[in-house]
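Visitor: Be aware that the sequence shown starts at 1, since it is given in the UniProt record's numbering, and climbs by one per residue.
No residue lacks a Cβ here, since even glycine has one placed at the ideal position from N, Cα and C.
Starting off with a structure, shown below.
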Amino acid sequence: MPRITKEDKARNRQNILEAAGRMFRSQGIDTVGIAELMKEAGLTHGGFYNHFASKNDLAVEVCGASFAASLGGLARTIEDGPGPAGSPLQRVVAGYLSTAHRDAPDGGCPSASLVTDAGRHGEAVQSAYAEGVEGYLTGFTAEFLREAKEKGHDLDPAEARHRAIRLLSEMVGALMLARAVCHVEPELSDEILQTGRSHAHD
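Structure (structure tokens):
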């Protein structure tokens with residue numbers, strides 16, 4: 001039997017992380033079994049513990065990696081600045097509350113897809129989730145302050161953070177509601193998204 005190289009082991013670990021990222025976000029952490037997960041990753045069941053001490057440890061890494069990817073997208077949007085499609089925050093809201101994002105939780109932002117899992121799991125998962133949330137709040141707060149300065153307004157940093165918390169809460173709540181009803185009441189789901197896009201960043 002050929003010996004597994006360090007490169008092979010790293011690739012296998014990454015495959016597990018990517019499979020778990022998709023499955024945890026679309027099905028929930030508790031719903032996904034290790035055997036099912038390893039099959040999705042194209043690996044044998046017994047190999048899991050060569051890479052992770054437990055499913056909870058894997059969940060911590062998945063939460064962190066998923067938020068890192070989403071926050072990278074946020075940073076790029078903000079860096080691009082205003083454009084024909086609106087301000088950076090308007091474009092963030094439009095993308096977050098889009099039908100495409102609603103219909104693809106397995107590849108979407110963990111702020112909505114892992115919110116209930118974070119509340120049920122231990123401190124390590126909650127800490128990873130909280131760090132991701134703080135990343136969004138930091139980015140939103142900075143952008144609110146930038147927008148105010150550009151318009152010649154004096155916005156208190158504490159008020160900017162309050163606006164950031166409200167915006168993220170509205171985005172996550174609207175997306176969760178839209179996903180919860182999309183299969184039985186698609187028109188209602190679309191209406192929730194549309195209303196969220198129209199009013200989240202007034």
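#1: Taking Cβ to Cβ, would you say ILE16 is nearer than 9 Å to PHE48?
#2: What are the residues that DSSP puts in a beta bridge with GLY83?
#3: Along the chain, where does the alpha helix (DSSP H) containing LEU37 start, and where does it finish?
#4: If you check the beta carbons only, do PRO110 and SER54 fall under 9 Å apart?
#5: If contacts are defined as beta-carbon pairs under 8 Å, then GLY33 and VAL62 qualify, I think. What distance do you get, rounded to the angstrom?
#6: Am I right that PHE140 and LEU89 are in contact with their C-beta atoms under 8 Å? What's the rounded C-beta distance?
#7: Can you check the UniProt domain "HTH tetR-type" (10 to 70) for any alpha helix (DSSP H) of at least 4 residues that lies completely inside it and give the ranges in chain order?
#8: Around the C-beta of ASP30, are 16 or more other C-beta atoms found within 10 angstroms, so that it is buried, or is it exposed?
#9: Pick from LEU177, ALA59, SER189: whose alpha carbon is nearest that of ASP117?
#10: Please report how far the alpha carbon of VAL181 lies from the alpha carbon of LEU188, in whole angstroms.
#11: Alpha carbon to alpha carbon, how far is VAL125 from ALA19?
#12: Look at the alpha carbon of VAL172 and the alpha carbon of ALA85, and state the distance between them as a whole number of angstroms.
#13: Roughly how many angstroms separate the alpha carbons of ALA200 and ALA174, rounded to a whole number?
#14: Whose C-alpha, out of SER127, GLY152, LEU137, ASP8, is nearest the C-alpha of GLU170?
Guide: Here's the rundown:
#1: yes
#2: GLY86
#3: 34 to 41
#4: no
#5: Their Cβ separation, rounded to whole angstroms, is 15 Å, which puts GLY33 and VAL62 out of contact at 8 Å.
#6: 7 Å
#7: 34 to 41
#8: exposed
#9: ALA59
#10: 7 Å
#11: 18 Å
#12: 21 Å
#13: 9 Å
#14: LEU137
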